Each structure stands twice: as C-alpha cells, then as structure tokens.
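Notes follow once the structure below has been shown.
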Amino acid sequence: MSLLTYDEARPWAKAIRDQVVARTMPPWGAVKGVGSFQHDPSLTEVEIQMIVAWVEGGAPKGDDPSLPPKLPATTKPMKAPLLKSLAVAGDMPLERPMVLLGLRPEALANGQSMLVDAFFPDGRIEHLIWLRDYRSAWTRDYTFRAPLKLPAGTTIHVKAPTAAKALLLY
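The numbering of the sequence shown is my numbering, which starts it at -12 and goes up by one.
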C-alpha cells in the first residue's frame, strides 16, 4: 500500500492504526529499548496515540496548506560505507579489542528471534540487539548511534536458531 497521499492512505486507516499499535509499522525488527541505533523509524508513544486519535476521529484529511512539501526525487545512487564483518554463532571471545559499528542478522528466518549480548571482562553485560518475530524481507544493518568499544576478553553471545548468525560490523 502506498502512504504517499491522503487518498492512498485513507482506505487503510484502521489497518494502519492496528499495525502501529502492534509496533509492526513502521517495520524495524529490533525490540525497543535493547540497543540504540541510527535511523530507527520506530514511533514514540505520543506519535502512536496521535495516529489512534486520528483514526478514531474519522481519519480527517486536514488542511492542504499544512502538508509538508514533496520530497525531490534523488538521482544520485547512495554509496554504502565499506565495512569489515565477522560472523558469530553461539559464543565468540574477542582476542583483541574491537570497535563495533553495528550488526546484521544472517540466515534468520521469518518468525525467528535473535538476541546478541556482549559479556565484558569486568562482568558487565550489554544487550546489543533483540530481534523478535523477525521478517527476512526487512533485513538491514543495525548501526549503533555510537560505536561500541569492546576490549579484548569480551565475549559476544548470539542466542538464535542453529543456522542463524550475527554479522558484527566493524
């Protein structure tokens, strides 16, 4: 379904509300509160309540002058940065320090879940990402808001189905 114009989105108002309340729209995959990522499209509770109120109020159009301008079409292809990656399944102790930029799930099937943790040498545990009821059509890199410095001796733990791996992007 297209959400570019009111006329295209209006027939889907109740479905949009239901998906937004279930937090499956906009698609993201990572459970809120586990990890902090760039470009997270998740809606705040206030934004969700605004959509619910809009639908329950009859999904009115609003004023045309208050609409945002149309975005210009991009003609330049975007270049993704070249990153090194390391596949991890189960436990992997780091023999040397690493600056972790993000993660990408690999071989995680629809409906499966993955939890990735960092066990630091000083006993701290940091939950890096939790993907619950994953949808492979939305595979993406989950880039941290700030790079994560992992000292030597840190163990990366990936809890996922047997074939699944987490690609560490550094």
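Where is the CB? At the ideal position from N, CA and C, for every residue including glycine. If you're wondering where the values come from, they're calculated on a predicted model, not measured in any experiment.
Between the alpha carbons of R122 and G140 lies a gap of roughly 33 Å. Under DSSP, the beta-bridge partners assigned to Y129 are L90.
Of the candidates D27, L95, A133 and A105, the residue whose Cα lies closest to the Cα of A124 is L95.
For M(-12), there is no enclosing alpha helix (DSSP H), as DSSP gives it neither H nor E.
In the DSSP annotation of this structure, the continuous segment of the alpha helix (DSSP H) that includes E(-5) starts and ends at Y(-7) to A(-4). Within a 10 Å sphere around the beta-carbon of R4 sit 16 or more other beta-carbons, which makes this residue buried. Burial is judged here by how many other beta carbons sit within 10 angstroms of a residue's own beta carbon; M(-12) has fewer than 16 and is exposed. Cβ-Cβ distances below 6 Å link L154 to S72, A74, R91 and E93 in the same chain, with the five nearest sequence neighbours on each side left out; the list follows chain order. Remark: C-beta atoms of L30 and P13 approach each other more closely than 9 Å.
Annotated three-state conformation of V42 is helix, per DSSP. Residue pairing of E113 in beta bridges, as defined by DSSP: A105.
Counting along the chain, the unbroken alpha helix (DSSP H) around V8 starts and ends at A0 to V8.
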